[in-house]
Amino acid sequence: MTYRQRDWGFSRQRYWGTPIPIVYCEKCDPERKGLPVPLEQLPVRLPEIDTQEVLTGKGEPPLAKVASFVNTTCPKCGGPARRETETMDTFVDSCWYFARYLSPHFDTAPFDPKEAQRWLPVDVYVGGPEHGTMHLLYFRFWTRIMKLLGLSPVDEPVKRLITQGIVNGADGRKMSKRFGNGVAPNIIVQKYGADTARTYVLFAGPPERDFDWSPDQVEGVARFLKRVWALGATHQASVADVTYDGPYEGKALETRRAAHKCLKRVSEAIERLSFNTAVAGIMECVNALYAVGTPETQAEKAAMAEAMRLLARILTPFAPHIADELAEAYGAKAVTVSEAWPEFDPALVVDDVIPYAVQVNGKLRAEVRVAADASEADVRAAAEAEEKVKSALEGKTLRKFVFVPKRLVNFVVG
Ligand SMILES: [Zn+2]
Numbered sequence: 170m171t172y173r174q175r176d177w178g179f180s181r182q183r184y185w186g187t188p189i190p191i192v193y194c195e196k197c198d199p200e201r202k203g204l205p206v207p208l209e210q211l212p213v214r215l216p217e218i219d220t221q222e223v224l225t226g227k228g229e230p231p232l233a234k235v236a237s238f239v240n241t242t243c244p245k246c247g248g249p250a251r252r253e254t255e256t257m258d259t260f261v262d263s264c265w266y267f268a269r270y271l272s273p274h275f276d277t278a279p280f281d282p283k284e285a286q287r288w289l290p291v292d293v294y295v296g297g298p299e300h301g302t303m304h305l306l307y308f309r310f311w312t313r314i315m316k317l318l319g320l321s322p323v324d325e326p327v328k329r330l331i332t333q334g335i336v337n338g339a340d341g342r343k344m345s346k347r348f349g350n351g352v353a354p355n356i357i358v359q360k361y362g363a364d365t366a367r368t369y370v371l372f373a374g375p376p377e378r379d380f381d382w383s384p385d386q387v388e389g390v391a392r393f394l395k396r397v398w399a400l401g402a403t404h405q406a407s408v409a410d411v412t413y414d415g416p417y418e419g420k421a422l423e424t425r426r427a428a429h430k431c432l433k434r435v436s437e438a439i440e441r442l443s444f445n446t447a448v449a450g451i452m453e454c455v456n457a458l459y460a461v462g463t464p465e466t467q468a469e470k471a472a473m474a475e476a477m478r479l480l481a482r483i484l485t486p487f488a489p490h491i492a493d494e495l496a497e498a499y500g501a502k503a504v505t506v507s508e509a510w511p512e513f514d515p516a517l518v519v520d521d522v523i524p525y526a527v528q529v530n531g532k533l534r535a536e537v538r539v540a541a542d543a544s545e546a547d548v549r550a551a552a553e554a555e556e557k558v559k560s561a562l563e564g565k566t567l568r569k570f571v572f573v574p575k576r577l578v579n580f581v582v583g
């Protein structure tokens, strides 16, 4: 009522739909209000027939012609009865299929409430603007009913709605047979492969925005994936099997930092569903790895191998075929898509490190280097960990702790 929900014409004169579990008995139900099919007789299934034989095009329900379906017995008196012959609107199914997916083999209820407790609500719903006025309202209404029935724990079916944009033809008009401006996916796949097709679509812009199909950009994405492949091929023989335990400095550290920063950026972009910036992040990483040049020391080789394995992993959602080949070439055991998502090393992604002077009673005792956005507590912990500061504080009572952001800390002791 609050959301101006409209009445919902629930039944359709179609064969393909969920049967409505209602029967009519002239004796027990002369007003034809309908009697519910008893629980133990559910579900009512569609008869397996040649649908062509019952499709009349005349608007009467096709099931009405199937005597074996229509004729049944009354659940009350056991006498002859007729089944409802219309079927449910398919919106009925789209109101709750997501919950059924949680336990498709559960046969004593629509779905297992334990699984619903664990998984619902759905994280993201991707739909077109045409869903806004009807389906989304029914879908939310149905979710409330499931909660009232004790089946599901949630009030709302999804956390986030994404209304996807439209892909226009290269001429800026909506792709349509009428304009002949469509692009068949199989043509792109034949020419460039599925990796290019997928990466291009994800790179073209935020999912909510419309975009114009651009053959030049498809070409550009294909070139980028070739660059990834060439980078992998260039270093594979000399770095893929290198093992190294020592410290990383200079070029080796730079390589690791580029890879981990990219991993962080791509991971965060994916969480935001900002796939175009994720792809842009991968492109930047590839440029950075080209820029470091040929790895020479063991450390540099090990860093490059690690970077290539990370690159393969983050490429998986966009270009899974190349990613898989690349991962295998660099010794990854599992198929990349089945591996856990990697975690970046926080120490390698700190952009700005700034020095803090650490004073004890105004006298300089040490200098600590921390992330530019480190909190007061972080800076204090770093300062207290310094040996010279520790010994200066030993046995003294702290009177005051002075924190000057981005400059210094001072322990006032007595
Ligand atoms: Zn009856």
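Counting in the working numbering, the sequence shown runs from 170 upward without gaps.
Note that CB positions come from ideal geometry on N, CA and C, so glycine has one too.
- Message: Using C-beta distances below 6 Å, list every residue in its chain close to V358, excluding the 5 sequence neighbours before and after it, in chain order.
- Response: Non-local beta-carbon contacts of V358 in its own chain, meaning distances under 6 Å to residues more than five positions away in sequence, involve A366 in chain order.
- Query: Does DSSP classify G401 as helix, strand or coil?
  - Reply: Looking at G401 - three-state DSSP - the assignment turns out to be helix.
- Segment contact flag, the stretch 508 to 522 with the stretch 431 to 451, C-beta cutoff 8 Å, min 3 pairs: Yes: the two stretches touch, three or more of their Cβ pairs being nearer than 8 Å.
- Message: Give me the residue from G362, I483, H304, T566 with the minimum Cα distance to R175.
- Response: Checking every option, the nearest Cα to that of R175 belongs to H304.
- Roughly how many whole angstroms lie between the Cα atoms of R269 and F280? Their Cα atoms are separated by approximately 5 Å.
- Hey, out of A552, E418, V352, M477, whose CA is closest to T505's CA? The shortest C-alpha separation from T505 is found at M477.
- Assess, as a yes-or-no matter, whether the stretch 323 to 330 is touched by the stretch 341 to 357 under the definition of 3 or more beta carbon pairs within less than 8 Å. The stretch 341 to 357 and the stretch 323 to 330 do not touch, with fewer than 3 CB-CB distances between them shorter than 8 Å.
- Counting pairs of Cβ atoms below 8 Å between the stretch 209 to 217 and the stretch 290 to 307, do you hit three or more? Contact between the stretch 209 to 217 and the stretch 290 to 307 is absent, because fewer than three Cβ pairs lie under 8 Å.
- Query: Quick one: is N579 buried, meaning 16 or more other Cβ sit within 10 Å of its Cβ, or exposed?
  - Reply: The residue is buried, with at least 16 neighbouring Cβ atoms inside 10 Å.
- Query: M257 bridges to which residues according to DSSP?
  - Reply: Per DSSP, the beta bridge partners of M257 are S180.
- Task: Identify every run of the alpha helix (DSSP H) within the stretch 338 to 373, keeping only runs that are complete inside it and at least 4 residues long; order them along the chain.
- Result: Counting only runs of 4 or more, we get 354 to 361, 363 to 372.
- Message: Taking 8 Å as the threshold (C-beta atoms), are I491 and W382 in contact?
- Response: No, these two residues do not count as a Cβ contact at 8 Å.
- Message: For the structure I just gave you, are there three or more beta carbon pairs, one from the stretch 252 to 266 and one from the stretch 216 to 234, closer than 8 Å?
- Response: Contact holds between the stretch 252 to 266 and the stretch 216 to 234, because three or more Cβ pairs, one in each stretch, are under 8 Å apart.
- Item | DSSP-derived helix/strand/coil call for P188 | Three-state result, P188: strand.
- Task: Out of R378, D276, D324, A373, point me to the one whose CA is closest to L335's CA.
- Result: Per the sequence shown, the amino acid found at residue 335 is Ile instead of Leu. Closest by alpha carbon: R378.
- Item | C194: CB within 7 Å of a non-hydrogen atom of ligand 1 | Checking the 7 Å criterion, the Cβ of C194 is within range of a heavy atom belonging to ligand 1.
- Query: Leaving out the 5 sequence neighbours to the left and right, which residues in its chain are closer than 8 Å to P524 when beta-carbon positions are compared?
  - Reply: Answer for P524: E536, V537, R538, listed in chain order.
- Indicate whether M364 and L394 have their beta-carbon atoms separated by less than 8 Å. First, the amino acid is wrong: residue 364 is Asp here, not Met. A contact, by the Cβ cut-off of 8 Å.
- Looking only at C-alpha atoms, which of F275, S443, R396, F310 sits nearest to V370? It is S443 whose Cα lies nearest to the Cα of V370.
- Item | Buried or exposed by the 16-neighbour rule on C-beta atoms within 10 Å, applied to D324 | D324 is exposed by the Cβ-count criterion.
- Query: Hey, would you say the C-beta of K245 is under 7 Å away from at least one heavy atom of ligand 1?
  - Reply: Yes, the beta carbon of K245 sits closer than 7 Å to at least one heavy atom of ligand 1.
- Write down the C-beta distance between A421 and A457 rounded to the nearest angstrom, noting that I regard them as a contact closer than 8 Å. Not really, about 13 Å apart at Cβ, beyond 8 Å.
- Query: In three-state terms, what does DSSP make of N530?
  - Reply: Reduced to three states, the DSSP call for N530 is coil.
- Task: Answer yes or no: do A438 and G450 have a C-beta to C-beta separation smaller than 8 Å?
- Result: The criterion of a C-beta distance shorter than 8 Å is satisfied by A438 and G450.
- Message: Please classify V573 as buried or exposed, where buried requires at least 16 neighbouring CB atoms within 10 angstroms.
- Response: The residue is exposed, with fewer than 16 neighbouring Cβ atoms inside 10 Å.
- Query: Taking the beta strand (DSSP E) that A278 falls in, what are its first and last residues?
  - Reply: Premise fails: A278 is in no beta strand (DSSP E) and is neither H nor E.
- Boundaries of the beta strand (DSSP E) in which F572 is found, first to last residue: That run of the beta strand (DSSP E) goes 567 to 573.
- Item | Nearest neighbour of Q210, chosen from S507, D340, I191 [CA to CA] | Measuring from the Cα of Q210, the nearest candidate turns out to be I191.
- Is the stretch 492 to 502 in contact with the stretch 537 to 554, if contact means three or more CB pairs nearer than 8 Å? Contact between the stretch 492 to 502 and the stretch 537 to 554 is absent: fewer than three C-beta pairs spanning the two stretches fall below 8 Å.
- Item | C246 burial status per 10 Å Cβ neighbour count (16 or more: buried) | C246 is classed as exposed because its beta carbon has fewer than 16 other beta carbons within 10 Å across all chains shown.
- Query: What are the boundary residues of the beta strand (DSSP E) that includes F580?
  - Reply: Segment 577 to 582, the beta strand (DSSP E) holding F580.
- Query: When we look at the beta-carbon of Q528 and count the other beta-carbons within 10 Å, is it buried (16 or more) or exposed?
  - Reply: With 16 or more other Cβ atoms within 10 Å, it is buried.
- Query: Any idea which residues DSSP pairs N240 with across the strands?
  - Reply: Looking at the DSSP assignment, N240 forms a beta bridge with R251.
- Run of the beta strand (DSSP E) containing K328, from where it starts to where it stops: 327 to 332 is the extent of the beta strand (DSSP E) around K328.
- Message: For ligand 1, I want to know if C197 counts as a neighbour, meaning its beta carbon is within less than 7 Å of at least one of the ligand's heavy atoms.
- Response: Flag set: Cβ of C197 near ligand 1.
- Query: Comparing the CB of G248 with every heavy atom of ligand 1, is any distance shorter than 7 Å?
  - Reply: Ligand 1 has a heavy atom closer than 7 Å to the beta-carbon of G248.
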